[in-house]
Structures are given as C-alpha cells and as structure tokens.
Amino acid sequence: GIQVEQSPPDLILQEGANSTLRCNFSDSVNNLQWFHQNPWGQLINLFYIPSGTKQNGRLSATTVATERYSLLYISSSQTTDSGVYFCAVETASGAGSYQLTFGKGTKLSVIP
Amino acid sequence: SQTIHQWPATLVQPVGSPLSLECTVEGTSNPNLYWYRQAAGRGLQLLFYSVGIGQISSEVPQNLSASRPQDRQFILSSKKLLLSDSGFYLCAWMAEVLGGELFFGEGSRLTVL
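Going line by line, the protein sequences match chains R and C. Residue numbers for the first sequence follow this note's numbering, beginning at -2 and rising by one. Residue numbers for the second sequence follow this note's numbering, beginning at 34 and rising by one.
The following block contains the structure:
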C-alpha cells in the first residue's frame, strides 16, 4: 500500500515562530487532507488539498502532486497550535474506495 | 449542516467483557462511515468502513466487528475484549458528493483492565 511519511516527528517552537511540516507519499493521490489533533483528541479538518495551494488565516498548505509531497505552513505560532498534525492520503489507484491512509503525525509543542 | 456524534466518550471495561460503541451522523444521506483506532504512539489505523446499510468491509482481522443497521448509524462491537483493544476509537464520515473530505467524531477512549 501507499506509504505516508511526515517530518519532523516532533517540533518545539517558541510562540510567534513560523514552521513548515512536510508530508511525503509514495504513490499518486487523488485525495489529501491535513488534520490537527488537539490535546483532547479531537481531529480537526485543516485542509482538503489534493493539489495546489490554500490558505486559512495563519495556516496555509501546498500540495505538489507530481512530486508526491505536501507542506503545511504555520505562521506566528500560538500555544493553541500545539497538538499533533496528520497528513492523510487516498491513492489514485484506489479511487472510489475513499479510504485514507494516515501518516504518523508531527507533534508540535508551542511554548510561551 | 452535518454533525457526527459518538458515545460513550470514555469507557473502562474488564478483559472478557463485551463492547458497544455507537456513532451517528446527522444532516447527510448515504455517507461512507469509518471506524479508526489510535493506539498510544499516535498512528491511526482503519478498522472498518461501510458504503451502505449492511455493507461492512474489514481492514484488520481482530475480535472486533462493525454493523450499520441504519443509513447514518455505525456500531463497533466486541463479544470479549482483550487488553490489546485499549485505545482511542474514532468514527468518521465522508460524503462522496462533497468530494471525499473526511470528518471525525469526538472519539471514545477505551481502557481494558
């Protein structure tokens, strides 16, 4: 099956700093999402971005499908950004199955 | 708007006891429904998914089972829990007409003692 690798696995930031999280995948995809898991465990949708660039406030994401990676940018980080960020993909070869494969996540800690 | 709820939020069960976790979706019809498990260490593992009433696909052999008795209801069950069943269980839904975006419920934390 498709392999999804996220880096870095852990990241500690000072409040106000910027960061880039990366997601590499091993096959062509037709679905890619970024999620934030807050300290209470809830998974929050950030971006649905199989290709292109999107922005939402301090967060933005870019997926370069031809090169099989996606980036999540966090600017001016806040303590509420802490948690685990997941990338999830569905392979193009599995189109129609609507099953997402998750990476292992990046654990972000923002300190005041 | 669409909402998803699952319960109970927290559960502590002895080894060998049965399990029933329930998930319902409101505001959409014929969603794809999913059960994921997240063990300590962060990764999410797909357990079951369903594309319609009575249609269940299993991704991982285990002592868990799933059922979809109604269009927007998804149930995760076990007849006899094992210690290894402990974890955080997440229900999710996807509407194909919305392009395949996945939405999660609040999660159920299961501890088997």
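C-beta: ideal position from N, C-alpha, C; glycine also. For clarity, every value in this text was computed on a predicted model and none was experimentally measured.
Practice item. Can you give me, in chain order, the residues of the region 61 to 88 of chain C that have a beta carbon less than 9 Å from any beta carbon in chain R? Key: Cβ contacts with chain R come from N65, Y67, Y69, Q71, G74, R75, G76, L77, Q78, L79, Y82, V84.
Check your understanding: How long is the line joining the alpha carbons of Q106 (chain C) and P47 (chain C), rounded to whole angstroms?
Key -> Indexing the second sequence from 1 puts residue 106 (chain C) at position 73. Indexing the second sequence from 1 puts residue 47 (chain C) at position 14. About 26 Å.
**Study point:** Closer than 8 Å to chain R by CB, L54 (chain C)
**Key:** To locate residue 54 (chain C), count along the second sequence from 1; it is residue 21. It does not; no Cβ of chain R falls within 8 Å.
Check your understanding: Buried or exposed: where does C42 (chain R) fall if 16 or more other Cβ atoms within 10 Å of its Cβ makes it buried?
Key -> Counting from 1 along the first sequence, the entry for residue 42 (chain R) is found at position 45. Correcting the residue identity first, residue 42 (chain R) is Asn in this sequence and not Cys. Exposed: under 16 other Cβ atoms inside 10 Å.
Check your understanding: Any beta-carbon of chain C closer than 8 Å to the one on V107 (chain R)?
Key -> Reading the first sequence from its first residue, position 110 is the one you call residue 107 (chain R). For V107 (chain R), the answer is no, since every Cβ of chain C falls outside 8 Å of its Cβ.
**Study point:** Positions along the region 110 to 131 of chain C whose CB lies within less than 7 Å of some CB in chain R
**Key:** F121, L123, M127, E129
Exercise for review: Find out if the Cβ-Cβ distance for the pair Y70 (chain R), S57 (chain R) is shorter than 8 Å.
Suggested key: For the purposes of this step, residue 70 (chain R) is taken as the residue at position 73 of the first sequence. For the purposes of this step, residue 57 (chain R) is taken as the residue at position 60 of the first sequence. A contact, by the Cβ cut-off of 8 Å.
**Study point:** Buried/exposed call for E87 (chain R), threshold 16 Cβ in 10 Å
**Key:** Your numbering for residue 87 (chain R) matches position 90 in the first sequence. By the neighbour-count rule (16 or more Cβ atoms within 10 Å), E87 (chain R) is buried.
Check your understanding: Who are the Cβ neighbours of L29 (chain R) in its own chain at under 6 Å, not counting the five residues just before and after it?
Key -> Position 32 of the first sequence, counted from the start, is the residue given in the question as residue 29 (chain R). Here the set comprises I46, P47, T60, S67, V86.
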